[in-house]
Amino acid sequence: MAAVCLSLTGKTIAENLAALERYRNKVDLVELRVDWLEPEEQFLVRSFPALAGLPAILTVRRRVDCGIFDEGEGVRLVIIAKALSYARSDNRANFAYVDLEDDFRVPSIEDACRVFGTRIIRSRHYPKGMPDSLDAVWSGLSSEPGVIPKLAVTPQGSEDLASLISWAKTLPPRDRIVVGMGDYGYPTRILSSRLGSMLSYSSALSFGMPTAAPGHIDPDKFADTYRGRETTKDSTVYALGGGRSVIGSKSPALHNQAFREAGIDAVYVPFPSDSAKGFFDAIESAGARGAAVTVPLKEAIIPYLCCTSSEVDDIGACNTILKTDSGWEGFNTDASGFERSLLEFLGRDSLDGMRVTLVGAGGAAKSVALVLSRNRASCVILNRSVSKAKSLANRYGFRWGPCDDRSLDLVADHGDLIVQATSVGMTGGTPGDPLDWYEFQGREAVFDLVYRPERTELLTRAEKAGCRVCNGYPMLCHQAAEQFRIWTGLTPPEVYRGEG
Ligand code: ATR
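Offset between the sequence shown (1-based) and our numbering: plus 8.
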């Protein structure tokens with residue numbers, strides 16, 4: 009397990025100490041980001057290590073290196089020199105580490121560090137991308153004896169992330185820090201020990217402090233959602249692949265809690281991905297054994313699979329993969345997850361005789377359509393792009409129409425159940441209500457596949473009109489339980505019982 013370092017970005021020492029108290033039992037060391045302090049506080053940092061009571065890193069980060077310090081190198085040198093000035097009698101009163109960038113070479117500071125027992129972290133930051141040669145940069149950083157080399161790069165896509173992880177795994181053992189910043193680097197925050205990093209940086213986000221660098225995770229989330237303090241470099245990795253929104257998914261809280269409850273040494277990690285190939289490269293480099301896959305990769309991953317379940321073939325979308333000796337096998341648990349949560353919501357065994365409106369014709373709607381068909385519902389599919397509604401409807405002998413007021417009669421005729429399966433209304437997606445032209449009568453049951461926010465505009469309106477409503481959280485839980493079964497072969501634990 010890598011140590012957790014809390015990077016403090018408060019304006020005052022007192023504010024930083026208050027944040028540290030909030031997370032004290034979830035962090036191992038602390039980084040004082042002097043660049044975030046008010047100017048008058050920047051010269052008072054000498055007292056910080058003793059007050060913090062944890063090993064402390066001194067860092068004065070310039071803007072070009074992802075910090076906010078812009079008062080010039082002279083002032084920076086004075087701040088560092090003052091902060092390191094000695095307390096020979098008690099080493100715990102000194103900074104344990106000082107982060108000095110690759111171009112900050114001041115022999116008198118380096119001598120002082122040796123005398124006072126402060127270890128140098130020799131760092132290089134790439135806030136906008138990756139260097140041409142990781143090896144070349146690394147050899148510059150790691151040439152001095154006794155220093156801790158630190159390289160922080162910003163992968164521009166999942167293939168960059170894959171090369172970073174693969175490269176880090178080839179490095180010989182020594183104290184070092186390797187970080188992928190930004191969304192595509194997010195997995196390196198959780199899997200830092202796999203990259204051989206001695207620590208993972210974290211920011212006091214739930215305390216209300218700004219993030220110290222792009223992609224930092226709060227210590228609570230790191231420990232609770234991502235099992236960051238329970239897993240090691242040898243833990244089994246499961247991934248969540250999809251667009252950048254996977255960082256906000258609720259599925260890590262579910263799966264990681266399930267692994268915890270089942271006593272399985274595994275961790276489930278979001279991998280924001282910009283292509284199916286990049287996604288596979290990245291999870292292969294991390295040694296993942298399985299993955300959940302979401303928008304927009306559910307169809308794009310299919311050509312990379314060695315075999316697919318009949319549901320994947322019927323639906324044309326895959327949301328779960330498992331590594332086997334022959335390659336990656338693909339499954340679809342969306343359909344069964346939706347089916348189970350829908351029947352529970354309605355309190356029925358089938359949809360026989362029900363008249364249903366399905367809104368949407370994308371990947372999620374395809375799973376819904378299969379379930380509606382196999383449960384013998386009479387259905388109309390409405391979609392912004394009418395041609396997609398038509399082609400999905402034709403597969404199952406359903407009716408179809410545009411998603412606007414020209415379809416009022418169709419909805420009136422298929423109003424027992426309305427299923428919303430577009431991405432409209434989802435946190436981070438297109439805001440709005442795709443049925444804003446339709447007035448709920450109060451007799452419709454309404455199921456919205458979106459679970460973030462808990463109540464979309466559409467669900468709020470339906471509920472006000474007296475409709476029974478359900479969001480996508482129970483479906484998320486049921487489909488996740490099925491994923492757990494596929495990955496582990498075990499009965500899913502209680503945590504997957506969700507209520508919408
Ligand atoms: P998913 O896998 O989540 O279903 P998808 O396959 O991209 O993602 O499908 C998104 C669905 O949301 C589609 O039905 C899409 O309509 P189009 O087929 O016309 O694109 C629908 N959708 C997305 N944005 C929309 C918007 N702003 N208004 C109406 N429908 C929208």
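Glycine included, C-beta positions come from ideal geometry on N, C-alpha and C. Since we're looking at a predicted model, the values are computed, not measured.
Could you tell me the distance, in whole angstroms, from the CA atom of residue i to the CA atom of residue j?
i	j	result
R469	V277	35 Å
V419	C475	15 Å
N395	V388	It is Ser, not Asn, that sits at residue 395 in the sequence shown. Rounded to the nearest angstrom, the two C-alpha atoms are 14 Å apart.
A27	K241	29 Å
T244	I272	9 Å
L40	A294	31 Å
P260	P115	47 Å
P63	K34	14 Å
F112	E48	23 Å
A429	S393	14 Å
N383	L199	43 Å
E167	Q449	50 Å
E490	P500	8 Å
V161	K258	27 Å
A10	A221	18 Å
H133	D413	54 Å
P304	P180	37 Å
A385	G361	6 Å
K177	S415	57 Å
L142	P410	52 Å
F77	G190	20 Å
T17	L59	16 Å
P153	V503	49 Å
N24	L484	38 Å
F124	R54	13 Å
H224	M217	12 Å
E337	Y312	9 Å
V364	A373	13 Å
R463	K472	12 Å
I510	Q50	Residue 510 cannot be examined here, being either before or after the span of the chain that is shown, 9 to 508.
L498	D357	26 Å
E292	A284	12 Å
Can you tell me which residues form a DSSP beta bridge with residue i?
i	result
I255	I255 pairs with nothing; no bridge assigned.
R363	S386
I225	S210
L425	V364, A453
I509	Because the chain in this structure spans residues 9 to 508, residue 509 falls outside the shown range and cannot be described.
G298	Y246, L330
G335	T332
T316	G338
H5	Any answer about residue 5 is impossible in this case: the structure gives the chain only from 9 up to 508.
L466	None, per the DSSP bridge assignment.
S15	E39, S211
D10	Note that residue 10 corresponds to Ala in the displayed sequence, not to Asp. Looking at the DSSP assignment, A10 forms no beta bridge with any residue, so it has no partner.
C475	Beta-bridge pairing links C475 to no other residue.
R70	F77
Assuming residue i and residue j make a contact with CB atoms under 8 Å, what is their CB distance in whole Å?
i	j	result
P280	R252	5 Å
V320	G250	So it is not a contact: roughly 17 Å between Cβ atoms.
V432	G423	About 20 Å; that fails the 8 Å criterion.
K19	E46	5 Å
P57	A22	Actually they are not in contact, since the Cβ atoms of P57 and A22 sit about 15 Å apart, beyond 8 Å.
S214	D228	6 Å
Any heavy atom of ligand 1 inside 8 Å of the beta-carbon of residue i?
i	result
G371	yes
A429	yes
C411	yes
R392	yes
G368	yes
P135	no
P280	no
G405	no
T435	no
T239	no
G440	yes
A325	yes
P218	no
K396	yes
K306	yes
V388	no
V432	yes
V303	yes
Check: Going along the chain, which unbroken runs of the alpha helix (DSSP H) with 4 or more residues stay wholly within the segment 149 to 206?
Finding: You should have 166 to 177, 194 to 198.
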